[in-house]
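Participant: Chains as they are written, first to last, in my numbering: chain A, 470 to 600; chain B, 1496 to 1690.
For glycine and all other residues, C-beta sits at the position ideal for the given N, C-alpha and C.
Keep in mind it's a predicted model, so treat the numbers as computed, not measured.
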Amino acid sequence: MNQSQEEDVQKLIRLKRHESPPPEYFENFLEEFQTRQRGELLKQSSFGLFRDRVATWYREQGSVKWVAGAGAAYAGVMAAVFMWPSGNPTKMDDPNMKPASYQPNKGTPLPTVDFPKIENSGSSSTTLREF
Amino acid sequence: MSSISATESDEELVRLAQDGDTRAFDQLVVKYSPRLYGLVYHMTSHKEDTNDLMQDIFAKAYRSLKRFRGKSSFYTWIYAIGTNMTLNFLKKRKRRATWSLDDVDSGIQNDEAVVDIGHASNPRHQSDINALQKKLNESMQALSDDHRAVVAMFDIQGLPHAEISQILSVSEGTVRSRLFYAHQQLRGHLEEFLR
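#1: If you count every other CB in all the chains shown that lies within 10 Å of the CB of arginine 1673 of chain B, and 16 or more means buried, which is it?
#2: Any C-beta of chain A sitting closer than 8 Å to the C-beta of histidine 1678 of chain B?
#3: Below 8 Å on the Cβ atoms is my guess for alanine 1644 of chain B versus leucine 1582 of chain B; work out the distance and round it to an integer in Å.
#4: By DSSP, does leucine 476 of chain A sit in helix, in strand, or in coil?
#5: Select from A:Ser473, A:Gln472, A:Leu481, A:Thr581 the residue whose C-alpha is nearest the C-alpha of lysine 1629 of chain B.
#6: Thinking C-alpha only, which one of A:Ser489, A:Glu493, A:Trp553 is nearest isoleucine 1651 of chain B?
#7: Looking at C-alpha atoms only, which residue of B:Leu1531, B:Arg1558, B:Ser1528 is the closest neighbour of alanine 1512 of chain B?
#8: Just to confirm before moving on: does the CB-CB distance between alanine 1637 of chain B and histidine 1684 of chain B stay below 8 Å?
#9: Using a Cβ cut-off of 7 Å, pull out every chain B residue sitting near lysine 534 of chain A, in sequence order please.
#10: At a Cβ threshold of 8 Å, is glutamine 479 of chain A touching chain B?
#11: Secondary structure at proline 1529 of chain B, three-state DSSP: helix, strand or coil?
#12: When you compare each of B:Thr1539, B:Ser1567, B:Ser1528 to leucine 1585 of chain B by their alpha carbons, which one comes out closest?
#13: Can you pull out the residues from the segment 499 to 525 of chain A whose beta carbon lies closer than 8 Å to at least one beta carbon of chain B?
#14: When you compare the CB positions of leucine 1523 of chain B and phenylalanine 1569 of chain B, do they come within less than 8 Å of one another, or not?
#15: If you draw a straight line from the alpha carbon of tyrosine 1536 of chain B to that of threonine 525 of chain A, how long is it in whole angstroms?
#16: Using beta carbons (cut-off 8 Å, strictly below), is alanine 1615 of chain B in contact with chain A?
#17: With a threshold of 8 Å between beta carbons, is glutamine 472 of chain A in contact with chain B?
#18: Please return the same chain residues whose Cβ sits closer than 7 Å to the Cβ of tyrosine 1676 of chain B, not counting the five positions on each side in sequence.
#19: State yes or no: is the beta carbon of isoleucine 1651 of chain B nearer than 8 Å to at least one beta carbon in chain A?
#20: Count the CB pairs spanning the segment 528 to 540 of chain A and the segment 1574 to 1581 of chain B that are closer than 8 Å, and state whether there are at least three.
Rendered as structure tokens:
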């Protein structure tokens, strides 16, 4: 394709410049943009605003931010180490709570098992064992 | 609060907007929305998508404004945001692409290229501006997203190669080569309208 042919193509493609929305479109566009922007600001939670401010502040720092970041990470790790629950049992604060224990029902006799007599050298008595 | 004049420079408007002056940012929206509209519209080929993307582009620019250091012009910066967002959108969209011919204003009748076609020997061309417009749209649609972006910026919007290379973060050689291949492809589609 020579230069003149390329220019002919360009000339035709340039016709697309005439595709444009009516002028009032851009006035409405700005209004729509402002409404949306305000809506977004209202929707943003206070935590979100705080997070944005912190992020902006952080971005604005120079090389200091890496030192600050490392410091914050170190502080986070140390806090986690010290605040991690130890192996000690927790105290029961509720006075009505008692430790669980086995309370056999004394009204019902426990089943008994007869074991065959075992001849022991030291003793001749029969042992009845309860379970 | 300081008053903003219409002749305020971009640098000043950006500085005011960075300090939280929303009216300054509004001025930038007013100034750049028509040009940005052209870029996005010729890349997406869809009015509603263009409108939605324009809203998203300016919203993102507003959120990112604090990070703008002024190494490039505001125009280049917002064009880069617009181009990247539109290219990402097009990657996701792979569906309809309808042009709105009713958007064509009367200026096209007097355009040098149309007048040339009108004087061409083939009488079919004289009465068929709509057919030409349709063919132009189809030809643009046939291009890849990257090629369409450079055609929209260079041929339709008249941006220089250097600026396009900055916006797209590619070399000027890449811009020229994309344009060359795009023009070749377009020539194939528009043969009947070329003398």
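Facilitator: Once the coordinates are examined:
#1: Here residue 1673 of chain B is taken as the residue at index 178 of the second sequence, counted from 1. The residue in question, arginine 1673 of chain B, is buried, as its Cβ has 16 or more Cβ neighbours within 10 Å.
#2: Here residue 1678 of chain B refers to the residue found at position 183 of the second sequence. Interface residue, yes.
#3: Against the second sequence, residue 1644 of chain B aligns to sequence position 149. Against the second sequence, residue 1582 of chain B aligns to sequence position 87. Going by Cβ atoms, the distance from alanine 1644 of chain B to leucine 1582 of chain B rounds to 7 Å, so yes, they are a contact pair.
#4: Here residue 476 of chain A refers to the residue found at position 7 of the first sequence. Before going on, a small fix: residue 476 of chain A reads as glutamate here, not leucine. If DSSP states are grouped into helix, strand and coil, glutamate 476 of chain A belongs with the helices.
#5: Along the second sequence, one-based indexing puts residue 1629 of chain B at 134. Of the candidates A:Ser473, A:Gln472, A:Leu481, A:Thr581, A:Leu481 places its Cα closest to the Cα of lysine 1629 of chain B.
#6: The residue given as residue 1651 of chain B occupies position 156 in the second sequence. It is A:Ser489 whose Cα lies nearest to the Cα of isoleucine 1651 of chain B.
#7: As a position in the second sequence, residue 1512 of chain B is number 17, starting the count at 1. Minimum Cα distance to alanine 1512 of chain B is reached at B:Arg1558.
#8: By 1-based counting over the second sequence, the position of residue 1637 of chain B is 142. By 1-based counting over the second sequence, the position of residue 1684 of chain B is 189. Yes, Cβ-Cβ distance for alanine 1637 of chain B and histidine 1684 of chain B is below 8 Å.
#9: To locate residue 534 of chain A, count along the first sequence from 1; it is residue 65. Residues of chain B passing the Cβ test: none, with the nearest at roughly 14 Å.
#10: Stepping through the first sequence from its first residue, residue 479 of chain A is reached at position 10. Closer than 8 Å: yes.
#11: Here residue 1529 of chain B corresponds to residue number 34 of the second sequence, with the count starting at 1. Helix at proline 1529 of chain B.
#12: The residue given as residue 1585 of chain B occupies position 90 in the second sequence. Checked all of B:Thr1539, B:Ser1567, B:Ser1528; the closest Cα to leucine 1585 of chain B is B:Thr1539.
#13: When CB distances to chain B are screened at a threshold of 8 Å, the residues of the segment 499 to 525 of chain A falling below it are Leu499, Glu501, Phe502, Gln503, Arg505, Gln506, Glu509, Thr525, in chain order.
#14: For this step, residue 1523 of chain B is matched to residue 28 along the second sequence. For this step, residue 1569 of chain B is matched to residue 74 along the second sequence. Taking 8 Å as the Cβ cut-off, leucine 1523 of chain B and phenylalanine 1569 of chain B qualify as a contacting pair.
#15: One-based indexing of the second sequence puts residue 1536 of chain B at position 41. One-based indexing of the first sequence puts residue 525 of chain A at position 56. Using only the alpha carbons, I get a separation of about 33 Å.
#16: Indexing the second sequence from 1 puts residue 1615 of chain B at position 120. Unreliable positioning characterises alanine 1615 of chain B in this predicted model, as indicated by a pLDDT of 48, which lies under 50. The coordinate reading is nonetheless provided below. It does not; no Cβ of chain A falls within 8 Å.
#17: Here the question's residue 472 of chain A lines up with position 3 in the first sequence. Cβ-Cβ to chain B under 8 Å: no for glutamine 472 of chain A.
#18: The residue given as residue 1676 of chain B occupies position 181 in the second sequence. Contacts found: His1642.
#19: Your numbering for residue 1651 of chain B matches position 156 in the second sequence. For isoleucine 1651 of chain B, the answer is yes, since a Cβ of chain A falls inside 8 Å of its Cβ.
#20: no
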